[in-house]
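In what follows, a structure is listed as structure tokens, so that the remarks can point back to it.
Numbering (the working numbering), first residue to last: 23 to 58.
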């Protein structure tokens, strides 16, 4: 939601950082590694 991504294209690479949250692993940061 707050990653600034309008959408993803099939095959596009992304980097995701995970952290332990109250419901298990949660994404804390998401970014496209090859911005289009």
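Just so you know, even glycine gets a beta-carbon here, dropped at the ideal spot from N, CA and C.
Remember, it's a predicted structure, so these values are computed and weren't measured experimentally.
Among the bridge pairs identified by DSSP, residue 47 is matched with 42. The distance from the Cβ of residue 39 to that of residue 54 is about 14 angstroms, inconsistent with a contact at the 8 angstroms cut-off. For the pair residue 41 and residue 56, the CB atoms are not nearer than the 8 angstroms cut-off. Residues 40 and 41 of the same chain have their beta carbon placed closer than 8 angstroms to that of residue 47, with the five preceding and five following residues left out of the count.
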